[in-house]
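Chemist: Chains as they are written, first to last, in our numbering: chain A, 1 to 317; chain B, 1001 to 1319; chain C, 2001 to 2286.
Glycine included, C-beta positions come from ideal geometry on N, C-alpha and C.
No experiment lies behind these values; they were computed from the predicted model shown.
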Amino acid sequence: MLELDHVSKIYKVGTFGGKELHAVRDVSFSIQDGEVVSLIGESGSGKSTIGKMVLRLISISDGSITIDGEDISKIETKESKEYYRKVQGVFQDPYSSYNPIFKADRIFHIIHDEFYPDVDKHTWDDKVNNALQDVGLNPEHVLGKFPHQLSGGQLQRFLIARALLLDIKLLVADEIISMLDASVRIDVLNLLADLKTRGLSVLFITHDLSLANYISESAIILYRGCILERGSTEKIFDNPLHPYTQMLISAVPRLDQKWATKVKLDSEAAHLGVPTGCVYYDRCPYAFEKCKVHPEIIEVSTDHHVACWKVSDSQEK
Amino acid sequence: MSLQIENLSVYYQTLKGDVHALEDITLDVKLGEIMGLAGESGCGKTTLCQSLIYLNPPMKYMTGRVMLNGNELPIWDAEKMNQHRFRDISIIPQYAMNALNPIRKIGPMIRDLLTSKKVDYKDRLPELKHRLDVVNLPHDVLGMYPFELSGGMKQRMVMVLSTLLDPTLLIADEITSALDVASQKAVSELLVKFLDEGCCKSAIFITHDISILYQIANTITVMYAGYLAEKASTETIIHSPRHPYTKLLIASLPKIGVKYSEKHLKGIPGHPPLLLNPPIGCRFRDRCPLAFEKCTEVPPFVEIEKDHFIACWREGSHA
Amino acid sequence: MKNLRIHNEILYFALRNKKVQIGLIIILFFVLLALIGPTLTMYQPFEYANPLGPQAPSSKFWMGTTFFGQDVFSQFVNGLRATFIVGLLGGGIGTLLGIVIGFTAGYYGGIVDEILNALTNIVLVIPTMAVLLIIAAYLDVRSVFTECILIGLTSWPWTARAVRAQTFSLRTRDFVDLAKLSGMKSFKIIFSEIAPNMMSYLLLVFILQFGGAILTAATLDFIGLGPTNAISLGLMMQYSVLWGALPFGMWWWFVPPGLAITAIVGALYCTNVGLDEVFNPKLREM
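1) Alpha carbon to alpha carbon, how far is H304(A) from F29(A)?
2) Just verifying my parser: in three-state terms, what is the DSSP assignment at V2265(C)?
3) Looking only at its own chain, which residues have a Cβ that is under 8 Å from the Cβ of K1117(B), when we skip the five neighbours before and after it?
4) Compare the C-beta of L1112(B) with all C-beta atoms of chain A and state if any pair is closer than 7 Å.
5) For chain A, find out if any of its Cβ atoms is closer than 7 Å to the Cβ of E2193(C); answer yes or no.
6) Can you pull out the residues from the segment 91-122 of chain A whose beta carbon lies closer than 8 Å to at least one beta carbon of chain C?
7) Helix, strand or coil for M2236(C), going by three-state DSSP, please let me know.
8) List, in order along the chain, the chain A residues whose C-beta lies closer than 7 Å to that of H1271(B)?
9) Using a Cβ-Cβ distance cut-off of 7 Å, determine whether Y11(A) contacts chain C.
10) In the DSSP assignment, find the beta strand (DSSP E) that holds G1070(B) and state where it starts and stops.
11) Assign Y2201(C) to one of three DSSP states: helix, strand, or coil.
12) Quick check on R1087(B): does DSSP put it in helix, strand or coil?
13) Kindly list, in the order they appear in chain C, the residues whose Cβ is closer than 7 Å to that of G89(A).
14) Would you kindly check if the distance between the Cβ of A2218(C) and the Cβ of I2261(C) is under 7 Å?
15) Compare the Cα-Cα distances from K47(A) to each of D118(A), K86(A) and F91(A) and report the closest residue.
16) To the nearest angstrom, how far is the alpha carbon of V172(A) from that of P94(A)?
17) Using the C-alpha atoms, what's the distance from I186(A) back to H1271(B)?
18) May I ask you to list, following chain order, the residues of the segment 52-78 of chain A that have a beta carbon less than 7 Å from some beta carbon of chain C?
19) In this structure, does DSSP put E234(A) in helix, strand or coil?
20) When the cut-off is 7 Å and only beta carbons count, does L2028(C) lie next to chain A?
21) Would you mind working out which of C291(A), L200(A) and K196(A) sits nearest H242(A), comparing C-alpha positions?
22) Quick check on the DSSP output: the beta strand (DSSP E) that includes D105(A) runs from which residue to which?
23) Let me know if H1239(B) comes out buried or exposed under the rule of 16 or more other beta-carbons within 10 Å of its beta-carbon.
24) Below 7 Å on C-beta distance, what does K1259(B) contact in chain A?
25) Going by CA-CA distance only, name the one from V27(A), L4(A), L21(A) and L2(A) that's closest to I297(A).
26) List the endpoints of the continuous alpha helix (DSSP H) containing Y2107(C).
27) Step through the CB atoms of chain A and report whether any lies within less than 7 Å of the CB of P2157(C).
28) Chain A partners of E1174(B), CB-CB under 8 Å?
29) Is M2042(C) helix, strand or coil when you go by DSSP?
30) Strictly below 8 Å CB to CB, what residues from chain B border L209(A)?
31) Please report how far the alpha carbon of D167(A) lies from the alpha carbon of R85(A), in whole angstroms.
32) Taking 8 Å as the cut-off, does the segment 1209-1220 of chain B touch the segment 1021-1038 of chain B (at least 3 CB pairs, one atom from each stretch)?
33) Is L1003(B) near S1090(B), with beta carbons less than 7 Å apart?
34) Are any of the Cβ atoms in chain C nearer than 7 Å to that of K169(A)?
35) I need the straight-line Cα distance from N213(A) to R230(A), nearest angstrom please.
36) Going along the chain, which unbroken runs of the alpha helix (DSSP H) with 4 or more residues stay wholly within the segment 95-173 of chain A?
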C-alpha cells in the first residue's frame, strides 16, 4: 500500500545554502497491507526524515512516495485532510506531543471538530470511550486530565487511540517507545502489533534492534540516508550480512551475553556533502579499494537485500 | 569504602505539600565498584544523585548522612559542598552534549574550570592529553569550539572533563539514554576503562536500561517510588532476583530473538504511586502480585544473604 | 478549557511577589487618580482659574497654579488619562503588529520569513525618533490618537523579533505537527496551539511596550510635538520649561508630571521583572 521509489531528501545548509546535506539518499521500499516494517538506524540516519515525508510534514526532494497508487506530493493542501484520514503518526516524545496548557483529551476534540463535525457529542463520546478501551485504558481514569498528570505510556496510548478514531490504513510510529519506562514499553509495543489484526500497516521507526525484531516482519537498516540491508526480519537477524548490521547487532546490550568486540569510535565531525563510495567506508573494518565506489543494493537470497561489495563479491564466486 | 549513605531522605517542596522523593536510603559503594542504579522515571534515582552533588530548592534535606572516604559530606550546605564537587565527587550530566559552553573554545574553558578549583592547567595538561588519547579524541579539540564536534565526541569530552581531578565518586546520569546502540556501548565501555585507569575510584551509573547495567556494572540497585527495592551483585539481580518488582521488570525486557508472533511479553500493570501523599506501607503494593496484609507496613531493607539486600515482606522475612 | 490549576498557582506567586506588589500598587494608584481625579476638580485643564497667576499649592488649588493661573491638579489628572491612553493604545498597536508579524514570519519560515525579517530590520535601524519628529511636524492638528498610532507603527520590531524566535522554537514541537496531521489550518494552529503557550510572554511584551510608549510620548510632547488639542504629562513639562518654571522656582508645575512618568514607567518595569520571576520558576524565590 505504501511505496517509496528512489526517494531523496536534500537540505541546503550553511550561509546562503551553499552546502547540501543529504538526509535521505535514493531510498526505495514498500509496505503491504497489514504489515509492520521496521526502519532501523542511528540518529542522523534519516529514519525520522522518511517518516516525516510519508506524513507530508516535509517535502520530498527527489523520487516519489505513493499510497494505494496515489502520489502524495501531488495532493493539494485542501485534500490533505482526506489523506490524514488514512495516514497518521505518533511521535517519540509523549510530552511534546501535547499542548501543555490544555487537557490531554483535547486531541480527541480536535479530531471531532476537524473530521467528524456532524457526529453528535454523545455518539462521539462513546466512540472515544471505545477507542480508549481498545488501547487498554480506562476512560474514567484518563479523561479530563492534563498531560503532566498522565504517564508517558498513557499519553502514547492516547495518541494511538486518536489514530484509531480515524480508521487509518497506515500508522507511522516514530520511536514511540524510546522515552517510555521499561515496564510499560512492552505493552505499547504489543498494542502496536495488535493493530495488525485490524489490517493496519505500521512503519515502525526505531534505533533498537531487539524491538524491531520483536514486532516486525520486515526490516530496513539505514545509515547516513542509505539503505544498507533490507529484507525479512528473520533473515537479517539470523544472518546479518552487512558489516554495519553485524556491528549493530553485536552492540545491543543483552541479558544473556556480554559484549564481545570493541566499537570503533567516531572521531570525525558532522558529515556533509555526498560521499562517492560506500557510506560506511570510514568505519568499516573490511573496507577495501572497491568500496570507494558506491555499492548497488542486490538480492542475496529471497527477500534479503544487501548493499556491500564484500557480500556481492563473495556471491559471484 | 568509597561512599556510604545512611537513612537519607530528601523531599521536594511544593505548594500542595512535600513530595517524598527519597525515603530512608541506606547503601554503600565500594572502591572500584560500578554501581548501577535502575528504576522507572520518577523513582528517585536522579534525585539521589542530585542530592549528592547539589541539593538546592525546591529539594529539601530531611534526614540522614553521607560519608565519602570516611568523611561526612555537608550535602545540606550547597556552599560548603563546593570544595567537594568536581574534586571528590563529580557528575556526567544527562545532556552532556549541551554541557559545554558553545562560545568558548574547549581548552580555555577547561583552564577556567581548573583555575576556579586552584589547579594549574599546565600541570594537568599532560594528563589531559593522555585522557584524550584514551577516549580517542585528537589533541586539537582543545582549540575547537563545541559545535565542531559530533554528539558522541562532545559526550566523551565531557567524560574527560568531569574526571580530570580523579574524583572518588563519579556519577553518570542517564548518559547512554539518548545514544544509539553503538555509541551506548562505546560510552559504557569507556566508563569501565576510566575506572581501570584510575580516572575515578568508583561510579554510580544511572539508567532505566538494565541490560546495559548487566554489561558493565558490578552491583545493581533497583529503586521504586523513592525507596530502595533490591541491591545485589549484577549476576544475582539479573539471574536470581528476589523482589517481585525486579522480577517483573526483567521479565518485561524484550530479548533479541524473541518475536511477538511467538511469545507475548508482558509489562507491569498499573502505575507508580504519586509521591505527594504517598500510600502507606510498601509502595509497590498496588502493582504487586504477591501483596498481603503485612505490606501495609513499610518493609525494611534487609540483607537476606551476603551482599543481597531486599525490601519485601514476602521475600525478606524468610531470611 | 483553561488550566485552572496552573493559573491559580501563577496568581498565587504573582500576588506574593514583592516586585509585582509594589509595581501594581503604584500603577493602581495612578489609574485611580486618572479615573477619579477629573471629577474632584471644578476647573478645566486650560481654564484660567486663578487670576493671581502662578501660586504654590494651597487648599483651593491642591497642586498650585501655572504661570497663567491654570489649575495644575486638573492638568495633571487629565494628563494622566492621556498618558494611560498612549500606553494602552500605542503599546497595544505596537504589540499587536509585532505579534502578527512575528507569528507569520516564525510559523511559515522560508521566503515569508526572509521578507518580514528584512522589513523588521529596516524599521529597526531607522532612527525612530527622527522619523517621528518629521511626521509629527507635518501634521497640523495632532491628537492623542495620532500620537498613539505613530508610536505603535514604529515600536513593533523588537516585539516581532522576539515573537518570531519563540514561534520558531514552538513550531518544531510535536504537538504542532500533530495539529497539522489533524488537518488544522495554519491560521488556526498559530492562534489555538502556539499563541496560548506564549501568553505569559506576550503579557510581558505588552507591559514593556506600554512603558516604552509612555516614554516616547513624553519625549515627543516635551520637544513640542505632542497633541495640539489636549493636555498630557509631557506637555505640562514642556509648558513649564517654556514659561520659566525652573528659573522662577515653580516646582509644583513640573515636579508632579515628571515624578508621575518616572513612577509609572518604573512601576511597569518593576512589575515586569516580578512577573518574569513568577512565570519562570527558576527565578522564583521560595
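Modeler: Let me spell this out:
1) Here the question's residue 304(A) lines up with position 304 in the first sequence. Here the question's residue 29(A) lines up with position 29 in the first sequence. Answer to the nearest angstrom: the Cα atoms are 12 Å apart.
2) The residue labelled residue 2265(C) in the question sits at position 265 within the third sequence. In this structure, V2265(C) counts as helix in the three-state DSSP scheme.
3) By 1-based counting over the second sequence, the position of residue 1117(B) is 117. Taken in chain order, the residues that qualify are F1086, R1087 and L1165.
4) As a first step, residue 1112(B) is located in the second sequence; it is residue number 112 there, counting from the start. First, the residue type needs correcting, since residue 1112(B) is Asp and not Leu in the sequence shown. No - not a single Cβ of chain A is within 7 Å of the one on D1112(B).
5) One-based indexing of the third sequence puts residue 2193(C) at position 193. Taking Cβ atoms only, chain A reaches closer than 7 Å to E2193(C), which makes this a yes.
6) F91, Q92, D93, S96, S97, Y98, N99, P100, I101, F102, K103, R106, I107, I110, I111, E114 and F115
7) Locating residue 2236(C) in the third sequence gives position 236, counting from the first residue. The answer is helix: DSSP assigns M2236(C) an H, G or I state.
8) Counting from 1 along the second sequence, the entry for residue 1271(B) is found at position 271. Under the 7 Å cutoff, chain A gives S151.
9) By one-based count along the first sequence, residue 11(A) stands at place 11. Chain C contact via Cβ: absent.
10) Here residue 1070(B) is taken as the residue at index 70 of the second sequence, counted from 1. Premise fails: G1070(B) is in no beta strand (DSSP E) and is neither H nor E.
11) The sequence position of residue 2201(C) within the third sequence is 201, counting from 1. The answer is helix: DSSP assigns Y2201(C) an H, G or I state.
12) If you number the second sequence from 1, residue 1087(B) lands on position 87. Looking at R1087(B) - three-state DSSP - the assignment turns out to be coil, as it is neither helix nor strand.
13) Translated into the one-based positions of the first sequence, residue 89(A) becomes position 89. The answer, in chain order, is L2181.
14) What you label residue 2261(C) is simply residue 261 of the third sequence in a count that begins at 1. What you label residue 2218(C) is simply residue 218 of the third sequence in a count that begins at 1. Yes. Within cutoff.
15) Translated into the one-based positions of the first sequence, residue 47(A) becomes position 47. Of D118(A), K86(A) and F91(A), the residue nearest in Cα terms is F91(A).
16) Within the first sequence, residue 172(A) is the residue found at index 172, counting from 1. Within the first sequence, residue 94(A) is the residue found at index 94, counting from 1. V172(A) and P94(A): Cα-Cα distance of roughly 15 Å.
17) Here residue 1271(B) corresponds to residue number 271 of the second sequence, with the count starting at 1. Here residue 186(A) corresponds to residue number 186 of the first sequence, with the count starting at 1. Near 14 Å, if we compare the C-alpha coordinates of I186(A) and H1271(B).
18) L55 and L57
19) As a working mapping, residue 234(A) is identified with position 234 in the first sequence. Of the three classes helix, strand and coil, the one that applies to E234(A) here is helix, per DSSP.
20) Position 28 of the third sequence, counted from the first residue, corresponds to residue 2028(C). L2028(C) does not count as touching chain A.
21) Along the first sequence, read from residue 1 onward, the residue named residue 242(A) stands at position 242. Nearest of C291(A), L200(A) and K196(A) to H242(A), Cα basis: C291(A).
22) Start at 1 with the first residue of the first sequence, and residue 105(A) comes out as number 105. No beta strand (DSSP E) contains D105(A), which DSSP labels as neither H nor E.
23) Taking the second sequence and counting its residues from 1, one reaches residue 1239(B) at position 239. Exposed.
24) Taking the second sequence and counting its residues from 1, one reaches residue 1259(B) at position 259. Those within 7 Å of K1259(B) in chain A are N213 and Y214.
25) Locating residue 297(A) in the first sequence gives position 297, where the first residue counts as 1. Residue V27(A) is the option with its Cα nearest to I297(A).
26) One-based indexing of the third sequence puts residue 2107(C) at position 107. Counting along the chain, the alpha helix (DSSP H) containing Y2107(C) begins and ends at G2091 to Y2108.
27) As a working note, residue 2157(C) is residue 157 in the third sequence. It does not; no Cβ of chain A falls within 7 Å.
28) Along the second sequence, read from residue 1 onward, the residue named residue 1174(B) stands at position 174. Neighbours of E1174(B) on chain A: none; closest Cβ ~11 Å, over 8 Å.
29) The residue given as residue 2042(C) occupies position 42 in the third sequence. If DSSP states are grouped into helix, strand and coil, M2042(C) belongs with coil.
30) Start at 1 with the first residue of the first sequence, and residue 209(A) comes out as number 209. Simply V1181 and I1256.
31) Within the first sequence, the letter at position 167 stands for residue 167(A). Within the first sequence, the letter at position 85 stands for residue 85(A). Taking the straight line from one Cα to the other gives about 7 Å.
32) yes
33) By one-based count along the second sequence, residue 1003(B) stands at place 3. By one-based count along the second sequence, residue 1090(B) stands at place 90. Result no, Cβ atoms of L1003(B) and S1090(B) do not sit closer than 7 Å.
34) Sequence index remark: in the first sequence, residue 169(A) carries index 169 (1-based). Taking Cβ atoms only, chain C never reaches closer than 7 Å to K169(A), which makes this a no.
35) For this step, residue 213(A) is matched to residue 213 along the first sequence. For this step, residue 230(A) is matched to residue 230 along the first sequence. Answer to the nearest angstrom: the Cα atoms are 13 Å apart.
36) 106-115, 121-134, 139-142 and 152-164
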